[in-house]
Every structure is written in C-alpha cells, then in structure tokens.
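These protein sequence lines are chains A, B, C and D, in that order.
Sequential numbering from 0 applies to the first sequence in numbering that gives the first Met the number 0.
Sequential numbering from 0 applies to the second sequence in numbering that gives the first Met the number 0.
Sequential numbering from 0 applies to the third sequence in numbering that gives the first Met the number 0.
Sequential numbering from 0 applies to the fourth sequence in numbering that gives the first Met the number 0.
We put the beta carbon where it would ideally sit given N, CA and C, even for glycine.
Quick caveat: nothing in here was measured; it's all calculated off a predicted structure.
What follows is a set of notes on a single structure, which appears directly below.
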Amino acid sequence: MKLPNKQCTTETAIAKIRDGDTIMVGGFGVPGTPMTLIHALVAHGARDLTLVKNDANEPGLGIDHLLRSGQVRRLITTHLGLNAYAIELMNTAKLEVEFNAQGILAERIRAGGSGLAGILTDIGIGTELAEGKQEIEFEGKRQIIEAALRADVALIHAERADVFGNLEFAATAQNFNPLMAMAADCVIAETVNLLPVGGLNPNNVQTAGVFIDHVTELTALTKEYAVVKR
Amino acid sequence: MKLPNKQCTTETAIAKIRDGDTIMVGGFGVPGTPMTLIHALVAHGARDLTLVKNDANEPGLGIDHLLRSGQVRRLITTHLGLNAYAIELMNTAKLEVEFNAQGILAERIRAGGSGLAGILTDIGIGTELAEGKQEIEFEGKRQIIEAALRADVALIHAERADVFGNLEFAATAQNFNPLMAMAADCVIAETVNLLPVGGLNPNNVQTAGVFIDHVTELTALTKEYAVVKR
Amino acid sequence: MSNARERLLARAARDVQPGMVVNLGIGLPTKIVDHLSEDLCVCLHTENGMIGIGPSPSPEQADRNLIDAGGAYVSTVPGSAFFDSATSFAMVRSGRLDLTMLGAFEVGSNGDLANWKIPGKFSPGVGGGIELAQKARRVVVLTTHTDRAGNPKLKTKCSLPLTAPNCVARIYTDLAVVDVGPKGFELVELARGVTANEAVEATGAPLILPHGELGVF
Amino acid sequence: MSNARERLLARAARDVQPGMVVNLGIGLPTKIVDHLSEDLCVCLHTENGMIGIGPSPSPEQADRNLIDAGGAYVSTVPGSAFFDSATSFAMVRSGRLDLTMLGAFEVGSNGDLANWKIPGKFSPGVGGGIELAQKARRVVVLTTHTDRAGNPKLKTKCSLPLTAPNCVARIYTDLAVVDVGPKGFELVELARGVTANEAVEATGAPLILPHGELGVF
C-alpha cells in the first residue's frame with residue numbers, strides 16, 4: 000500500500016477558495032502564519048471572506064494584507080492589539096469582529112476538527128463574552144455551551160512536511176496550526192521543507208497527512224517571515 | 000531558570016495511591032501499558048479502586064493482575080474482548096463495568112485534562128450507550144452531554160523521558176497515554192529511557208513535563224512488555 | 000469456510016478504491032490488509048492510533064509497540080504516522096474515513112447494525128464500533144451469512160442492541176454480496192457454487208434479485 | 000517611573016517561588032523574566048505554546064519562530080517544550096498554573112479584574128486573559144497605581160467590563176504592594192520614598208494599613 004502524493008502549486012490550491020468562504024489561518028504573530036498562502040489569496044481576490052485567526056498580525060504582515068484589500072467581511076479572533084488598522088476597521092464598522100477567549104477559540108476549532116458539536120466550559124461566565132451564549136446547568140454548575148467551529152478552507156504553515164501531508168512545526172510556530180489543520184473541508188499547507196513520502200519520523204509527525212488536502216513548498220522565505228525589528 | 004527534577008523510585012510514586020482512588024492506566028493492549036507501575040500497585044495493595052483503561056489487557060498481563068488481586072471495584076473501559084476473566088468478573092457482578100465508545104472515552108479524559116466540563120456529541124444516540132445521559136437540543140440537533148473525566152492518579156508508559164517529565168511515545172504505544180497524562184491530580188510516568196533534563200528535542204515532546212509529577216526509569220523490560228505469542 | 004473466507008476477503012478488497020482512507024474493524028476485516036496490492040494508493044487507519052498500515056509482518060519482524068486494534072502486529076509504509084486515541088477518533092467523527100469494514104452479529108434490512116452485544120451471553124464492550132458505524136462515509140460488513148447454528152444474520156429487523164442505526168451500505172458474506180437498498184436487501188453477486196435460492200433461504204428478510212445476470216466471486 | 004518600574008518588577012519577581020509554574024501576561028509582566036535568577040527552579044509558561052522560557056535573547060540571537068504571547072523573542076532552557084494552543088490552555092484551565100502575573104486597567108477591592116476593554120476607546124480583544132484570570136491558582140497584577148491622568152486604578156468597584164470576577168490576590172504598583180483581603184485592599188509594602196498617605200490618596204477605595212511597620216521595596 001502506498002500513500003497519495005498531495006504536492007501542488009500554491010495557485011492551484013488557493014484557486015479552490017470561493018467568495019463568502021470561511022478561512023482558518025494558522026499563526027500567532029509571525030510564527031506559523033502562512034505568509035505565502037495569504038499573498039496568493041490576495042492575488043486570487045476572493046471576497047466577502049470570514050477569517051478565523053488568533054490575531055490580525057501587524058501592519059504590513061500576514062492577514063493585514065487581506066484586511067487592506069477589502070476581502071474580509073468578518074474576523075473571528077482573540078486579540079488585535081498589534082494591528083491598529085484592524086482595530087480602526089472594527090471601530091468604523093468596516094469589519095465585523097467576534098472576540099473569543101484564546102483557549103476557547105482553540106477548543107472550538109479542535110471540537111470542529113474532532114466531530115464534536117461543542118464543549119461545556121465556565122470560561123467567561125460573569126463577563127460580556129458570555130452574552131448571547133446558551134447556558135445550562137450540568138452536574139450542579141452553570142456552564143456555557145461553546146459551539147464547534149469549522150471552515151471551508153484552512154491555511155497552514157509547517158516547518159517540514161512530506162508529500163502525503165504529514166507535518167512538523169517549529170517552536171512557537173505550532174500554535175493554532177495543528178488544530179486548524181483538522182477543522183476545514185479543504186486544508187492547504189505551505190512548508191519550508193518538503194520531503195518525499197516517509198521523509199519524517201512517524202513518531203514525530205504532529206499533524207497526520209490524512210487531514211491535509213494540498214501541500215506546497217516555499218521557494219523562499221520572504222522578509223515577512225523574518226525576525227521583526229521593533 | 001531551571002526546570003525541576005521529578006525522578007523518583009516506582010515505590011515512592013505508587014505510595015501516594017489511596018484506597019478508593021480512581022486510577023487512569025495508559026495502554027491499548029500491551030503497547031503503552033505501564034506493566035511495572037501496575038505490579039508496584041499490586042504490591043502496594045490499595046483496594047476499592049476505580050480503573051479507567053481502554054481494555055483489560057489479556058490474562059496474566061497488565062491490569063489483569065489488579066483484577067485477580069481483587070483491588071478493583073469498578074472499571075471504566077471500552078472493550079474487554081481479549082480478557083475472558085474480566086468478562087467473567089463482570090457477569091458474576093464481582094466487577095462494575097462502565098462501557099464507553101472508545102473515542103468518547105478519549106475525549107472525556109481529554110476534556111478532564113483540559114479544564115472543560117464536558118463535550119456535546121451525537122455518538123451513541125439511538126443505542127443503549129445513550130441511556131441515562133443528559134441530552135439537549137443544540138443548534139437544531141439532539142446531542143448527548145458526555146461529562147469530563149479526571150482521576151486521582153494516572154499511570155503512564157513512555158518510551159523516552161527527561162527528568163522534568165517531558166515524554167515521547169513509541170508507535171501505537173501512544174494511544175491513551177498523552178490524554179491520561181493531562182487528566183489526573185498525580186501523574187506517574189515509567190519510561191524505557193530516562194534522560195537528563197533537555198535530553199529531548201523540544202519540538203518532539205509529546206507530553207510536556209508540566210503535566211507530570213513523577214518519572215521512574217525501568218531497569219528492565221520484563222516479559223510482559225514483549226511481543227505476545229498467540 | 001476457509002476457502003470461502005479467502006474469496007470473501009478478496010472480493011471485499013476489490014471494493015477498496017485508490018485514494019480512500021479506510022478503517023478495518025477487528026476480526027475478519029483486519030485480514031483485508033493482506034488482500035490489497037502493495038501498489039494500491041490507500042490510507043489504512045487503525046483506531047489505536049495509526050495511518051499507513053503495511054503488510055502483516057512475520058512473527059520475527061513483529062514490533063512490540065506496533066499493533067492494530069485487534070492486537071495483531073502490523074507494519075508501517077513510507078509516510079505512516081502515529082497519534083493518540085483522541086486524534087484517531089477525531090478523524091473518524093469528522094468524516095475523514097471514506098470506508099470502514101466491520102464485523103456483525105446482525106444486519107437489519109434498513110441498514111441497522113448490531114455487532115457488540117448479545118445480552119446475557121456476550122458483552123465485551125463496544126470499542127470504537129459505534130463511532131466507525133455512525134461516522135464513516137461508507138460502512139460495509141464482512142460476515143458469515145448465518146451464525147454457527149445456521150440462523151440468518153441478515154434480518155428484517157435486528158433483535159440485538161444496535162451499534163448504530165441505518166448505517167450499513169453493503170454486506171460481504173461467504174455466500175453473496177448484498178447491498179442495503181431503499182427497499183431492503185438486494186443481491187449483488189453470488190459466491191462460486193452458491194445459487195440464488197440458497198442465498199435467499201439463508202437470508203432472514205426478503206432478498207431482492209436483480210433483473211440481469213448475477214456476477215460470481 | 001523607569002526606576003520605579005524596575006523596582007516593581009524586582010519586587011514582584013521575589014514572590015516567584017521555587018517549583019512554581021508561572022504565566023507572565025503581556026506588557027509589564029513579561030519583563031519579569033529578566034528579574035529571575037538563572038538558578039531559580041521555575042517553569043515559565045507562555046500561552047502561545049511553550050513551557051521553559053529562558054532569558055531574553057539579544058536581537059542577533061532571536062529565532063523567528065520563538066516568541067512569547069506579547070510578540071517578544073524569547074529563549075529556551077534545557078527541558079523546554081512546545082505545544083499547540085489547545086494544550087497550552089488545557090494547562091491553564093485544568094489548574095496547572097500556580098501563578099499568573101497580569102496587567103490591569105482597574106482592580107476592584109473585591110478582587111475583580113478589568114484589563115481588556117475600555118468601551119469606545121480601546122478594545123483589542125481579550126486574548127488569553129479570561130482563562131488566566133479565572134483559572135490560575137494565584138492571580139497577581141502588575142500596574143501603575145494610577146492611570147496617565149492620575150486617576151486611581153484600584154477602585155471600590157470596577158467600572159470597565161470585567162476580565163474575571165474575584166480573582167486578584169495581590170497588586171504590585173510603582174507605589175506599593177497591596178493585597179486583596181476579605182475586607183478589601185490591604186497595604187503590604189511601600190515603594191522607597193513613598194508614604195502611606197500618598198498610597199492611600201492614590202487608591203480609589205479604602206486602603207487598610209497594617210498594625211506593624213511597613214516594609215519598603
């Protein structure tokens with residue numbers, strides 16, 4: 000038995016995205032943000048998108064390009080502190096923003112990727128983040144039901160991959176990537192190092208290739224991937 | 000900053016177990032079953048235990064010893080097919096058995112280890128496994144609430160560890176081990192290879208040492224760890 | 000049965016299509032692995048935490064840490080990966096399995112599956128069966144057509160506790176290949192040497208015969 | 000403030016005890032890392048997926064893939080491990096953090112914390128703050144005693160949206176160390192050169208003075 004080869008070009012993979020799609024984008028700050036896939040999505044031009052991403056990167060980096068090109072209608076996120084432009088769009092009602100507690104966003108995505116309908120948590124009870132959410136009594140305590148979250152497409156950045164789509168991540172570039180890689184109908188991974196099938200140690204694979212639909216190799220690490228000078 | 004050293008003897012670690020405790024035990028069949036910690040628990044003699052384990056191993060292996068010594072009152076599990084003695088205990092009301100769907104047991108343990116109260120799932124609806132469980136309507140569909148599961152102690156088998164408790168698992172010996180390692184108040188890991196702190200690649204750690212309370216090195220792989228001849 | 004079993008396995012293996020992600024349930028279905036071509040591009044999943052099962056190893060080659068869900072030793076292929084039990088069933092419940100092949104005690108003509116419990120007699124637990132039966136995109140069953148006492152396992156309605164309702168699409172037996180269609184069981188193929196009448200008599204529910212000629216496996 | 004800030008950080012760092020698992024919130028708290036002894040046995044957690052933060056690297060040593068939750072480059076120590084965001088908050092919510100140090104806009108005398116939103120003015124999102132404030136075993140705050148306009152940040156009741164109710168145990172400011180006790184704010188120590196009266200006047204709620212002599216940091 001052989002495992003399939005899922006290597007393709009960035010453009011071929013991104014061409015699957017449609018107007019109105021929900022797109023999960025990996026990354027926390029620069030580490031793990033699929034900068035090259037994001038640029039391809041800007042070039043592709045799909046509009047009216049809902050993005051799911053921990054943060055909005057910084058001006059001139061990552062999903063900031065999609066905000067500036069006007070392709071994003073709605074952003075499901077946890078913190079925009081490093082992108083004043085995203086906050087301005089939100090404050091002027093040019094961008095819908097839904098804030099989640101960070102670990103709850105992670106769990107909602109994981110639940111979506113795990114075929115669960117939702118999770119029960121007491122996180123946010125007594126705060127405005129609980130407003131509008133269904134609450135129940137379970138085993139004598141108040142709990143919020145947080146709904147599972149899935150996307151049409153997930154854009155993933157991996158340090159190493161094989162052509163079957165097995166992935167390894169580097170340091171804190173892991174963050175939301177392995178979770179989002181489970182939770183979309185079409186999962187596209189860019190990787191710094193693309194290896195033949197079996198090029199990774201089966202014990203060190205962090206995302207199994209069965210979750211991945213397309214894998215593309217980065218020809219170069221553009222300056223957006225570099226250390227940010229502040 | 001330095002990370003603490005959690006190496007200790009098997010006996011010292013197991014001595015923390017009390018009569019009536021709930022104990023999670025890693026493993027699916029032989030792979031990942033902490034055979035040496037189980038023998039130490041037999042020697043320790045704590046009684047009236049509730050065990051959480053995927054299966055009951057086979058006669059003469061793993062938790063079968065705890066069943067034969069009469070230390071187990073209740074078993075939360077998924078499948079006993081390879082241990083006729085466990086089935087006999089169940090059928091003669093000498094052992095309470097709670098069956099879970101396997102992936103739901105995994106998720107209940109993970110939820111316990113993740114500080115969630117429970118999960119919503121449609122698994123088991125229309126079967127007797129749904130009986131007695133709270134059901135709700137969520138986003139237009141019937142869902143079962145499955146409660147998070149935690150234990151007093153978890154017994155874990157790892158292939159490699161450092162003395163801080165960072166763990167790596169081998170092949171299908173992973174199974175329930177990383178999940179149970181998150182979900183107990185006291186987590187004891189036995190390992191085939193114990194390394195100094197920092198002996199593992201930080202990117203390849205599968206269970207972070209922060210979850211682990213005690214780590215013990217196996218002096219020998221007894222015959223219970225060997226390939227089973229059938 | 001041994002010869003019939005091998006033909007059953009070979010026939011079922013022919014329905015494993017290139018590109019599929021496939022789970023083989025414990026018992027008869029795990030034997031399918033040795034009926035698949037080594038050139039076939041297929042991802043075999045085992046619920047205890049692995050994608051990419053290869054051919055069965057010899058006893059000497061067995062790795063103590065490398066088993067399938069039935070406890071049999073297995074091998075890897077290039078690109079295999081291991082994961083924990085939560086991730087394994089995340090794949091199952093989120094619909095990543097194109098096909099699962101399961102054993103059965105009974106199959107109802109509406110596709111109900113009972114394969115985990117015979118009250119008062121046999122109750123080893125459900126394992127991963129419920130999730131596989133409920134969530135794989137296609138569920139097929141490999142089984143003998145009748146039990147050891149000769150009673151039919153394909154019935155109008157299951158009498159045993161269900162694993163999952165309305166899930167089975169096709170049944171491979173020592174006598175026939177049977178589909179579960181909108182009106183019940185449909186005979187698709189016959190095992191060599193078995194007549195349509197024999198298959199009808201061994202089935203505990205109406206068995207719809209096709210108009211054309213029946214294939215033989 | 001620069002000097003006062005350094006003393007605040009050094010004072011707060013003294014309360015990091017050996018063996019603790021500690022999360023340092025974004026802003027002022029992340030600076031604590033450079034006030035801890037390299038010999039101290041402590042596990043620093045950053046919510047973006049790491050245990051075992053080491054001293055801040057020089058700009059030349061920075062690794063593009065290795066940051067803390069505030070976006071600052073960090074280093075590892077022997078035994079560091081990386082994990083995904085779900086696992087990171089699994090540690091937080093399941094009570095594995097002995098201590099978290101957070102920033103604040105306001106702290107109520109009942110321990111309420113507001114640190115994520117100033118309606119109409121500042122609303123960058125809550126990040127990991129709610130889970131840290133609600134679930135760490137001990138929550139302390141590092142902040143200036145008053146805002147830029149001189150208004151007290153320690154108040155009888157928070158006016159801003161809460162991050163979490165009843166969570167703060169201690170507050171380190173440029174003027175004082177203040178505990179949240181059963182009857183409200185309790186003055187514990189004063190910054191060098193600050194009088195008890197100055198601390199009382201800068202606090203927007205009653206500040207209970209101890210009977211004995213006050214320590215100075």
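Item, Value
"Separation of V29 of chain B from Q173 of chain B, as counted between CA atoms", "11 Å"
"Any C-beta of chain A under 7 Å from that of F175 of chain B", "no"
"Residues within the stretch 76–106 of chain A neighbouring chain D, beta-carbon criterion of under 7 Å", "T76, T77, H78, L79, G80, L81, I86, F98, A100, Q101, G102, A105, E106"
"Uninterrupted beta strand (DSSP E) stretches inside the stretch 40–105 of chain C (no shorter than 3 residues)", "42–45, 49–53, 74–81, 98–101"
"Between the CA atoms of A55 of chain B and V227 of chain B - distance to the nearest angstrom", "15 Å"
"Opposing strand residues paired with C185 of chain B [DSSP bridges]", "B:V152"
"When A:G69, A:P58, A:G59 are compared against L50 of chain A, the one with the closest alpha-carbon", "A:G69"
"Chain C contacts from the stretch 142–169 of chain A (Cβ-Cβ distance under 7 Å)", "D161, F163, N165"
"Runs of alpha helix (DSSP H) lying entirely within the stretch 99–162 of chain D, each at least 4 residues, in chain order", "128–134"
"Where the stretch 33–59 of chain A meets chain C: residues whose CB sits under 7 Å from a CB there", "none"
"N226 of chain D, buried or exposed, once every other Cβ within 10 Å from all chains shown has been counted against 16", "The question about residue 226 of chain D has no answer, for chain D in this structure spans 0 to 216."
"Residues within the stretch 107–118 of chain A neighbouring chain C, beta-carbon criterion of under 9 Å", "R109, G111, G112, S113, G114, L115"
"Closer than 7 Å to chain A by CB, E130 of chain D", "yes"
"Any chain A beta carbon closer than 7 Å to F258 of chain B", "The structure shown does not extend to residue 258 of chain B, since chain B spans only 0 to 229, so no value can be given for it."
"Same chain, Cβ closer than 6 Å to G164 of chain B, neighbours up to 5 away in sequence not counted", "K5, G208, I211, V214"
"7 Å Cβ cutoff, T294 of chain A in contact with chain B", "The displayed coordinates of chain A run from 0 to 229. Any statement about residue 294 of chain A would go beyond what the structure contains."
"Classification of N47 of chain D by the beta-carbon crowding that lies within 10 angstroms, buried from 16 upward", "buried"
"For F168 of chain A, three-class secondary structure by DSSP", "coil"
"Helix, strand or coil at E97 of chain A according to DSSP, with G and I counted as helix", "strand"
"Enclosing beta strand (DSSP E) for A175 of chain C [first to last residue]", "175–180"
"Closest residue to M49 of chain D among D:S122, D:M90, D:T172 (Cα-Cα distance)", "D:M90"
"Partners in chain A for Q70 of chain B, counting only beta-carbon separations shorter than 9 Å", "The premise fails here: Q70 of chain B is roughly 28 Å from chain A at the closest Cβ pair, so nothing lies under 9 Å."
"Residue-chain proximity (K1 of chain A, chain C), Cβ-Cβ < 7 Å", "yes"
"Proximal residues, the stretch 174–204 of chain A versus chain C, C-beta separation under 7 Å", "M181, V196, G197, P201, N202, V204"
"Exposed unless 16 or more other CB atoms sit within 10 angstroms - verdict on H78 of chain B", "buried"
"contact_flag[the stretch 95–109 of chain D, the stretch 181–195 of chain A] where n(CB pairs < 8 Å) is 3 or more", "no"
"Contact set between the stretch 163–185 of chain C and chain B, restricted to residues whose Cβ is under 8 Å from the partner", "A163, P164"
"N-terminal and C-terminal residue of the alpha helix (DSSP H) that R141 of chain B is part of", "Not the alpha helix (DSSP H): R141 of chain B falls in the beta strand (DSSP E), residues 140–146."
"Bridge partners - G117 of chain A, DSSP secondary structure assignment", "A:A146, B:L119"
"Residues near G26 of chain B by beta carbon distance below 6 Å, same chain, minus five either side", "T32"
"Status (buried if at least 16 other CB within 10 Å, exposed otherwise) for E134 of chain B", "exposed"
"Test: A12 of chain B CB closer than 7 Å to a CB of chain D", "no"
"Separation of L65 of chain D from Y72 of chain D, as counted between CA atoms", "6 Å"
"Near-chain B residues of the stretch 126–150 of chain C - C-beta to any C-beta below 7 Å", "G126, G127, I129, E130, Q133"
"Chain-ordered chain A contacts of T75 of chain C [CB-CB under 7 Å]", "P201"
"Rounded C-alpha distance that separates P181 of chain D from V96 of chain A", "38 Å"
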